[in-house]
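Note that the protein sequences, when read in sequence, are chains E, W, R, H, X and L.
Numbers 164 to 394, taken from the working numbering, label the letters of the first sequence in order.
Numbers 164 to 394, taken from the working numbering, label the letters of the second sequence in order.
Numbers 164 to 394, taken from the working numbering, label the letters of the third sequence in order.
Numbers 164 to 394, taken from the working numbering, label the letters of the fourth sequence in order.
Numbers 164 to 394, taken from the working numbering, label the letters of the fifth sequence in order.
Numbers 164 to 394, taken from the working numbering, label the letters of the sixth sequence in order.
Ideal Cβ positions, reconstructed from N, Cα and C, are used throughout, including at glycine.
Number of protein chains: 6
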Amino acid sequence: MPVVVTDIKRADHAVADSLAEYGVATVHEAQGRTGLMHQRMRPIYRGPAISGTAITCTLPPGDNWMIHVAAEQCREGDILVASPIAEAHSGYFGDLLGTLFKSRGVRGLIIDAGCRDIDDLEAMGFPVWSRSICAHGTVKETIGDVNIPVSCGETVVNPGDIIVADNDGVVVVPRLKAQEVAEKSRARIEREKTVRQRYAAGELGIDINNMRPRLAEKGLAYVTQSDYEKE
Amino acid sequence: MPVVVTDIKRADHAVADSLAEYGVATVHEAQGRTGLMHQRMRPIYRGPAISGTAITCTLPPGDNWMIHVAAEQCREGDILVASPIAEAHSGYFGDLLGTLFKSRGVRGLIIDAGCRDIDDLEAMGFPVWSRSICAHGTVKETIGDVNIPVSCGETVVNPGDIIVADNDGVVVVPRLKAQEVAEKSRARIEREKTVRQRYAAGELGIDINNMRPRLAEKGLAYVTQSDYEKE
Amino acid sequence: MPVVVTDIKRADHAVADSLAEYGVATVHEAQGRTGLMHQRMRPIYRGPAISGTAITCTLPPGDNWMIHVAAEQCREGDILVASPIAEAHSGYFGDLLGTLFKSRGVRGLIIDAGCRDIDDLEAMGFPVWSRSICAHGTVKETIGDVNIPVSCGETVVNPGDIIVADNDGVVVVPRLKAQEVAEKSRARIEREKTVRQRYAAGELGIDINNMRPRLAEKGLAYVTQSDYEKE
Amino acid sequence: MPVVVTDIKRADHAVADSLAEYGVATVHEAQGRTGLMHQRMRPIYRGPAISGTAITCTLPPGDNWMIHVAAEQCREGDILVASPIAEAHSGYFGDLLGTLFKSRGVRGLIIDAGCRDIDDLEAMGFPVWSRSICAHGTVKETIGDVNIPVSCGETVVNPGDIIVADNDGVVVVPRLKAQEVAEKSRARIEREKTVRQRYAAGELGIDINNMRPRLAEKGLAYVTQSDYEKE
Amino acid sequence: MPVVVTDIKRADHAVADSLAEYGVATVHEAQGRTGLMHQRMRPIYRGPAISGTAITCTLPPGDNWMIHVAAEQCREGDILVASPIAEAHSGYFGDLLGTLFKSRGVRGLIIDAGCRDIDDLEAMGFPVWSRSICAHGTVKETIGDVNIPVSCGETVVNPGDIIVADNDGVVVVPRLKAQEVAEKSRARIEREKTVRQRYAAGELGIDINNMRPRLAEKGLAYVTQSDYEKE
Amino acid sequence: MPVVVTDIKRADHAVADSLAEYGVATVHEAQGRTGLMHQRMRPIYRGPAISGTAITCTLPPGDNWMIHVAAEQCREGDILVASPIAEAHSGYFGDLLGTLFKSRGVRGLIIDAGCRDIDDLEAMGFPVWSRSICAHGTVKETIGDVNIPVSCGETVVNPGDIIVADNDGVVVVPRLKAQEVAEKSRARIEREKTVRQRYAAGELGIDINNMRPRLAEKGLAYVTQSDYEKE
């Protein structure tokens, strides 16, 4: 039953490329706080943000065969999203595969399992976000799927969606929402500039946002220490 | 029922400032190995030690409103200690709030939950010790408390206590014990200098501390491999 | 009943020294994917690989006495492997002990528990792989064993075995297999060079390894998106 | 942007009903070892297996509003699958909601977060598989989605898919594969009967499956203890 | 510096006794969703709810001496709250201590560490909520405190506060709020009766609470599957 | 290189059988608090204690082939100890294998990985202590070892050692120490009877063990609440 879907539609490349500059936190906010992967997905080294289009694959426990199969489906600007079908921490990916994927123009790997050869991958500039760092090798005995919807980092990823990853984590942007999310991200960045200036100038969030009446309405009381202790 | 206590007593500022130089491990030893937060509290980047006086707040799950309220209670030399009332990993704090707190002279944040925008926070030099790094945004719907005793990192923190944080973790020094702890820390640092020199010169801890008789008394036997295998 | 075994046989030093250059992932592969410690064993700072011969000790909860006892059994080229007899995260080891062990020529510490003073240890160049970073101090009240077989990182370590540790993790090489593993590691490194070149030149792993027939035999189907959706 | 999809297609009810009897392990095997949720999804009490059709919803952190919205979309034979958009352990569901869902004929809840009132839920016979048991209450401030594809227990669930849950865990069967999986499950149960009888009669798996030649080919050696030690 | 405080004020006993019947979830709601311990605090066996007044103690790692010291401070109607000063999983408490505490009229133990002899404790009816079940023994070498404020289950507990524990978890009620919380709990139980009846009769929460206008205002859209896919 | 050692020496059967009655906590104490497995090793159902002699095997990730190979080495009175060479949670063992092992007189399974079919295993009375409960199936592609020393539950187990397992956990008794441990266990049980009676009669541990002078010497102070607050 396993399949490789060969003709997926990818999100617009210009948009995909543009999202890295907004960063994960902003993009995730811009699309209504959806699509963020679990915080266990961490970069193997601190580097710049990346964005690109998702090629997905599933991984049997301790078996990285489908990463090789997925490689053929990847092209310039893609990011591989690899999802084990059971919790696993083996090192599914190392410097050899890094070389292979880099030569195809792949921008990075998001893997909900282990990664190894992290020094080599950092040296060659191939970034990985993973659940674990683990040297344990994998076999090539059992097949899975390429380019079907997967769950990675506790989030649904469809092939062709946009992945944005930086040192805060990883977010998925649905293919058809990419343009809208890019615009909202840009707008958000603009708005934040003003807020940042006002904060830097010493203003408080509760004043800028006029929160005092609503805090009072919710029942927040400002008391002295001696009143608090009497309570 | 939620309150903001507005006139807390802070530990002496000169003492609070001085504790950073001794570091977390020493300060924790100097006060009888109490007050250390759980090892899950990790710095979002490796930087220098900080110390300061605690402003505390509680956080409803996924709601960072009280961080804004707490900001107003902070002043130069304070450190915010934020404690969620249920396990949470959302990114309660990012670069905008970092700007706000930095402009008030706050030295850092200790948060038993998630933090985001870690590159920006590192760039601006606002250190954070957190349970998670997570970009997930928070809401402003539910109120909590500011400057009441909280549990953070599985340790009780009273407002006005001293916080010391470095790359080993975070420790809390009760306000009224600050002077005593500072003195004991200094004495400990002095004593360790001698031990360090003797260790560097090749002496053993079991000799310096005359441990051999007590080890023998406890029943420790030195045996050969062949004796061990016969056993 | 606790013992210190004083005359253990160590693996050949030249071989022990040579393994660091191959790295953890390669050595672990070369010996049939055995001996790798659990991925929770992480370096306290990213540094170069080390290798050396194991001195082992067991640790009662929160008690580091046996590390002092083990120090005397260590000599140039050794690595201490410390295994708590119950899960523990206290800081069993810090800069003072680092000074002591470094002065004896010990190359590093593998500890399935906590470590502290990580800045000092990095500054002095004494690498540690640990389960936790934790400042909590330990006592010296209960004895354990030195140089008996231990479980560390969920792997059996015999005294005199070779330890290889790098940023991917930690692997144990049985004393008597050291020569064979070194040879196989070298051979593996050689083989990988060719593969790396072919990958860099754009070849696929499924072609280099002639995997297509076997993938087909396992039932992998290449389908279009529209076929996939009909399914 | 959040939506409630009101007219989802459900898997055939007779098939959905039939899958409970095969159990999670068999169903998961019958569909090629896919669709199994993470082992953290545990029943709040040990009871019989259930199966039914999935109604899905997403949950903001600490906010159970969408469970109320999802209730209206549920009918006899459904199972609610609730997926938080960030890790959360609050008690999103308790005995009141249990009463509501039970009155609509819903067979159980699969929630990748917390549940409370477990004694009451057991007493009323409303089974729940959850990530946590936690009494912490939730708010109703933020909306999410109902009946879109979600990630629950690290697995993709589409509305209308079949859920099977028992004391081994939870598995998802895609709507269109239900009939095929039911047949394969039945066949597997049949085959296992024979194997069980042969095992009970003292036969070995390596004989029944003629594994000895393949084990030898892989290099497995049968040795004596003294040979092993010489090695 | 460690102390035993000998004359703590306890919450009113009649009130303390009454809270068990409301259960943890209700009590925690009645006091504004504060005071709930972390969900890792689980009963060693499923039994009835208990409530009583807190005697607190701190525990050095792997050392249960202070439990013996705390015993003397306990009397009929108390519950011991034991908090390790560093993460620990040893079995600090077993059937012998269970016998001792039961003979003093203590109603149970809340321990943020390990417990052993769980079959015996169940047989004698001495309930325990713990972080772990672990047989590892403890020593009696290092002292701590009795009846000071502690952090247990990531919550502040003051001696004399009321503890309520059931199969949903553990909640702490501040001594001076006990009467108010009891009243609010009772009121809540009453209100829930009506809701339960309406739910049982088939009404929806979104109708009972008139949520439809607010859902619409937040932007929730009801769409068909085909509309959703077009989006 | 993988081997099956075929002629291991087992601990004396009468002694092995006798240890179950003392239970895990007592046996572990009797041998100096060594040999206890990590607390993550939990019974899949609460049942009586077992003891027997260890047959060991290693498991590649997601591969249970060696359990079949190990079966042939098992005989009446044995307990299988299965140790994965990398963290894994798949269901390596279910009711079919339970039937096979039961028919050979094996008393139970200790597996540092996942187990499935827990209802069937409970029904047939085949107890398992495991790291996880997980239905995910395994393959038979990669070989490992049988009857070599393994690390299971973070403890070294040699083939032929005695395993004792009950609802508190699992402990390993070295083959040659079995007789001594049995005697010390019996003696300990006897001693505890007296202590239990004295505790039941209301005596305190600090009196029975004359701890007051040593507590005072360590510096423990009994103070009033008002003194404590002044401090």
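Residue-level contact by beta carbon holds for W:S314 and chain X, with a gap shorter than 8 Å. Interface with chain L (8 Å Cβ-Cβ cutoff): E:E304 is included. Annotation: X:Q236 to W:I281 spans about 48 Å, alpha carbon to alpha carbon.
Considering only beta carbons, the part of the stretch 234 to 259 of chain R lying closer than 8 Å to chain X consists of I248, A249, E250, A251, H252 and S253, in chain order.
Segment contact: the stretch 271 to 279 of chain L against the stretch 245 to 259 of chain L, three or more CB-CB distances shorter than 8 Å; contact assigned.
Residues of the stretch 180 to 214 of chain W with a C-beta less than 9 Å from any C-beta of chain H: none at all. R:D241 carries a strand assignment under DSSP once its states are collapsed to helix, strand and coil. Under the criterion of beta carbons closer than 8 Å, H:V232 and H:V309 qualify as touching, at roughly 6 Å. Taken in chain order, the whole beta strand (DSSP E) runs of length 3 or more contained in the stretch 223 to 274 of chain H are 241 to 247. H:D170 is not bridged by DSSP to any residue. For L:S389, not one C-beta of chain H is nearer than 8 Å to its own C-beta. In this structure, the straight-line span from the alpha carbon of W:H191 to that of L:M374 is close to 27 Å. Within chain W, the C-beta atoms nearer than 7 Å to that of E:N330 come from I281 and D282, in chain order. Secondary structure of X:Y208 (DSSP, three-state): coil. Annotation for R:D329: the continuous beta strand (DSSP E) segment containing it runs I325 to D329.
For W:S266, the C-beta contacts it makes with chain E under 8 Å involve Y362, A363, A364 and G365, in order along the chain. The three-state reading of DSSP puts E:G368 in helix, counting H, G and I together. With a contact defined as Cβ atoms closer than 8 Å, W:S293 and W:I207 qualify at about 6 Å. Contact between the stretch 313 to 324 of chain E and the stretch 200 to 220 of chain E is established, with three or more Cβ pairs separated by less than 8 Å. Proximity of the stretch 371 to 391 of chain E to the stretch 218 to 225 of chain E falls short of the contact definition, fewer than three beta-carbon pairs being nearer than 8 Å. For X:A298, the three-state secondary structure derived from DSSP is coil.
L:D283 is positioned such that its CB atom lies no closer than 8 Å to that of L:G254. Interface annotation, L:E317: in contact with chain R, CB-CB separation under 8 Å.
From the listed residues R:G307, R:V291, R:K172 and R:V178, the smallest Cα separation to R:G323 is found for R:K172.
H:S295 has a beta carbon lying within less than 8 Å of a beta carbon in chain X.
By DSSP's assignment, E:I213 forms a beta bridge with E:A328. DSSP, reduced to helix, strand and coil, places L:L383 outside both helices and strands of the structure shown, so it counts as coil.
Per DSSP, the beta-bridge partners of E:G277 are E:G254 and E:S295. DSSP places E:I218 in the strand class (E or B) of the three-state scheme. Think of a sphere of 7 Å around the beta carbon of X:K381: the chain H residues whose beta carbon falls inside it are I306, in chain order. Assignment of X:T197 by DSSP, reduced to helix, strand and coil, places it in the coil class.
Close to L:M164, with beta-carbon spacing below 7 Å, are these residues of chain R in chain order: G195. L:G288 has a beta carbon lying at 8 Å or more from every beta carbon in chain H.
Beyond the five residues adjoining it in sequence on each side, E:I311 comes within less than 6 Å, by CB distance, of no other residue in the same chain. For H:T357, the secondary structure class from DSSP, reduced to helix, strand or coil, is helix. For E:T318, the pairing in a beta bridge is given by DSSP as E:C315.
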